[in-house]
Amino acid sequence: MKKTTRAVTFLGAMVVTASLILAQGPPAGQRGRGEGGAPAGGGVAIKPVPNKAGLYMITGAGGSTTVRVGSDSVIVVDTKNPGQANYDGVLAQIKTVTPLPVKYVVVTHVHQDHAGNVDLFVKGGATVYAHENMKKNWETYAAAAGKTPPNSLYTAPVTINAGGAQAVIQHFGAGHTSADSYVYFPDLKTVSTGDAFAGTALNCDYAQGGSIVAWAKSLDALLKLDFDTVIGGHTNDPLTRADVQAAQARFAKIVSVATDLVKKGTPQDQIVAQVTAADSTLNLGALLQQTQAANYAVRLPAFYTEIQALAK
Ligand SMILES: [Zn+2]
Numbered sequence: 001m002k003k004t005t006r007a008v009t010f011l012g013a014m015v016v017t018a019s020l021i022l023a024q025g026p027p028a029g030q031r032g033r034g035e036g037g038a039p040a041g042g043g044v045a046i047k048p049v050p051n052k053a054g055l056y057m058i059t060g061a062g063g064s065t066t067v068r069v070g071s072d073s074v075i076v077v078d079t080k081n082p083g084q085a086n087y088d089g090v091l092a093q094i095k096t097v098t099p100l101p102v103k104y105v106v107v108t109h110v111h112q113d114h115a116g117n118v119d120l121f122v123k124g125g126a127t128v129y130a131h132e133n134m135k136k137n138w139e140t141y142a143a144a145a146g147k148t149p150p151n152s153l154y155t156a157p158v159t160i161n162a163g164g165a166q167a168v169i170q171h172f173g174a175g176h177t178s179a180d181s182y183v184y185f186p187d188l189k190t191v192s193t194g195d196a197f198a199g200t201a202l203n204c205d206y207a208q209g210g211s212i213v214a215w216a217k218s219l220d221a222l223l224k225l226d227f228d229t230v231i232g233g234h235t236n237d238p239l240t241r242a243d244v245q246a247a248q249a250r251f252a253k254i255v256s257v258a259t260d261l262v263k264k265g266t267p268q269d270q271i272v273a274q275v276t277a278a279d280s281t282l283n284l285g286a287l288l289q290q291t292q293a294a295n296y297a298v299r300l301p302a303f304y305t306e307i308q309a310l311a312k
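Take 1 as the starting number for the sequence shown in our numbering and just add one per residue.
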C-alpha cells in the first residue's frame, strides 16, 4: 500500500515536471555509449548464460538484458532502448525459451538504453522495480519525460521470487548514477549490474548523481556478495568476479591518487593529466568522458569538487 501511494505521487510529480523538462531540452549527460544514445538499430538475440540453469542474456538494442526463468514466471533486468520494436523483440526472444509471462522487471538506472521500455512493461502488467533515487533522475533526465516511470520504488533490499527463482534487488550507494540497482541471483552466484559494471568502458554520470568516490565503495559492497559471474551493462558475454575486483581497485586508486594531487595543489584543469601521469592504466579521462565536451564540462568539476572535499 505504501509503495502504491509513493508510485502514484511519483506519477503526479512527472506530470508537473514534464513540460519543464521539455522546455529545457536535453541536459548534458544523456548522450553517448551507456548513456542512452540513439537506438542501436540491430536486432536482439537471446543466449543462455553458461552453467547457469534458467539464466539468459539478451544482447542488442541498448544495454544487456538479463532473463531469469522460474517455474511460473520470468524476471527481466533492463529494458533496452525505447521503442515498440525493441520491446516486442525482447518478448519474442523470451518466448523462444519459455511460454511463461514476465512478472518482474528491474531497471538498473535511468539511462534510456536500460530504462527505455518501462512504459510498455508496466502496460503489460509487470511490476517494474527501480531504486527510490530514480524518482529524482526521472525528473531531470529528458529522455524520460512523458514516459511512464517504474511502478515500484524501493529503498531497503527487495527479494522477489518467480516460482522458485529468487532475485535480490539492492542499492549500494551512488556509482554510475545515484540510483544504481544490482540484481543478485544467489542460487546461481550471479549478479546483473547494469552500467554500475558496464564491462570495459565504464563512465560516471555526475549529472544523474554519479560519483567515482562513492562508486569505489559501492563495488566494494557488491564484492561482499558470493558471486562468480556478472552480467554487465554492455557486454556480449558474462564477466567474472575478478573483473569487478579490478574495477573496484581502479576507482579506489583514482580517488587516492587524485586526493594526493589535490593536496599538493594540482588545479582542476591539470587533474586528469596528472592522474594519467601517475598511472596511465587508471584512464580517468574515459570515466569523465573527456572526448564528449558537454559531458566533460559537467563531470570534470563535479569530480574535482568531490576530491577537494576528501583532500581537506
Ligand atoms: Zn548508463
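For every residue, glycine included, the Cβ atom is placed at its ideal position computed from N, Cα and C.
Check: residue i C-beta below 7 Å from any heavy atom of ligand 1
i, result
"residue 176", "yes"
"residue 109", "yes"
"residue 195", "yes"
"residue 131", "no"
"residue 114", "yes"
Nearest neighbour of residue i, chosen from the options [CA to CA]
i, options, result
"residue 187", "266, 223, 228", "228"
"residue 224", "199, 172, 181, 263", "172"
"residue 157", "184, 150, 295, 143", "184"
"residue 154", "179, 61, 147, 196", "179"
"residue 132", "271, 104, 97, 181", "181"
"residue 215", "96, 304, 174", "174"
"residue 167", "305, 190, 237", "190"
"residue 313", "272, 278, 135", "The question about residue 313 has no answer, for the chain in this structure spans 1 to 312."
"residue 108", "250, 239, 176, 99", "176"
"residue 260", "244, 193, 278, 248", "278"
"residue 105", "139, 141, 86, 66", "66"
"residue 61", "86, 99, 49, 226", "86"
"residue 129", "231, 207, 151", "151"
"residue 50", "238, 93, 159", "238"
"residue 89", "230, 43, 169, 226", "43"
"residue 243", "206, 203, 266, 199", "199"
"residue 211", "149, 94, 254, 92", "254"
"residue 95", "112, 53, 47", "47"
"residue 221", "236, 125, 241", "241"
"residue 271", "291, 170, 149, 301", "301"
"residue 57", "231, 143, 268", "231"
"residue 306", "206, 246, 293", "206"
"residue 281", "99, 246, 127, 269", "246"
"residue 299", "203, 265, 273, 312", "203"
"residue 217", "102, 234, 256", "256"
"residue 143", "110, 293, 93, 219", "110"
"residue 52", "64, 235, 68", "68"
Residue i - containing alpha helix (DSSP H), residue span
i, result
"residue 48", "It is not in any alpha helix (DSSP H) - residue 48 instead sits in the beta strand (DSSP E) that spans 45-48."
"residue 114", "112-115"
"residue 141", "Careful: residue 141 lies outside any alpha helix (DSSP H) and carries neither H nor E."
"residue 185", "No alpha helix (DSSP H) contains residue 185, which is instead part of the beta strand (DSSP E) from 182-185."
"residue 218", "212-222"
"residue 154", "Counting along the chain, residue 154 falls outside any alpha helix (DSSP H), though it belongs to the beta strand (DSSP E) covering 152-154."
"residue 287", "284-287"
N- and C-terminal bounds of the beta strand (DSSP E) containing residue i
i, result
"residue 161", "158-162"
"residue 168", "165-170"
"residue 55", "55-59"
"residue 130", "127-131"
"residue 232", "229-232"
"residue 103", "102-106"
"residue 188", "Neither: residue 188 is in no beta strand (DSSP E) and is coded neither H nor E."
"residue 97", "Run containing residue 97: none; DSSP gives neither H nor E here."
"residue 65", "65-69"
Worksheet item: Do the stretch 66-75 and the stretch 162-169 make contact, defined as three or more Cβ pairs closer than 8 Å?
Response: Enough Cβ pairs lie closer than 8 Å, so yes.
Discussion item. Contact between the stretch 77-87 and the stretch 106-122 is defined here as three or more beta-carbon pairs at a separation below 8 Å; is this criterion met?
Written reply: yes
Practice prompt. Could you tell me whether the stretch 250-269 touches the stretch 277-296, using the rule of 3 or more Cβ pairs below 8 Å?
Written response: yes
Discussion item. Across the stretch 190-209 and the stretch 266-282, are there enough close Cβ pairs to call them in contact, namely three or more that are closer than 8 Å?
Written reply: no
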